[in-house]
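Peer 1:
Residue numbers (my numbering): 35 to 145.
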């Protein structure tokens, strides 16, 4: 996998092709891959989906990725193999919830 950049949560220092990286990670590890960012990428079985919803506030919320992991686990807990439709649903629900929260007049931002 491309190791030319230092990536750590919201602190990534490169503008890399997330779809290409996700496909390469899938080919290497043979498991579903989810990469989050301005656009979220989900890859499994040579299928790639790009989701473009969510809120820029997510990049400023510590633990947002961990929370998304919990949401994904909730959607997949009955599956023996990751189901790409469940992954898409989980990431979409998480991102739409972030959009709704950001639109709330009482939302002053993270923290």
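Glycine included, C-beta positions come from ideal geometry on N, C-alpha and C.
By DSSP's criteria, residue 81 is part of a beta bridge. Which residues make up the other side?
Peer 2: As a working mapping, residue 81 is identified with position 47 in the chain shown. Partner(s): 78.
Peer 1: For the alpha helix (DSSP H) containing residue 68, list its first residue and its last residue.
Peer 2: On the chain shown, position 34 is the one that residue 68 refers to. Looking at the DSSP string, residue 68 is not in any alpha helix (DSSP H); the run it does join, the beta strand (DSSP E), is 67-69.
Peer 1: By Cβ distance, which residues of its chain are closer than 7 Å to residue 105, with the 5 residues on each side in sequence left out?
Peer 2: In the chain shown, counting from the first residue as 1, residue 105 sits at position 71. Result list for residue 105: 124, 127, 128, in chain order.
Peer 1: Got a sec? Which residues, its chain only, sit under 6 Å from residue 75 by beta carbon, not counting five neighbours each side?
Peer 2: Position 41 of the chain shown, counted from the first residue, corresponds to residue 75. Once the five neighbours on either side are set aside, the close Cβ partners of residue 75 are 52, 53, 56, 69, 84.
Peer 1: What are the boundary residues of the alpha helix (DSSP H) that includes residue 62?
Peer 2: Walking along the chain shown from the start, residue 62 turns up at place 28. Start and end: 52-63.
Peer 1: Looking at the unbroken alpha helix (DSSP H) that takes in residue 134, where does it start and where does it end?
Peer 2: One-based indexing of the chain shown puts residue 134 at position 100. Run containing residue 134: 118-137, per the alpha helix (DSSP H) assignment.
Peer 1: With DSSP collapsed to three states, give me the class of residue 95.
Peer 2: Locating residue 95 in the chain shown gives position 61, counting from the first residue. It is coil, neither helix nor strand.
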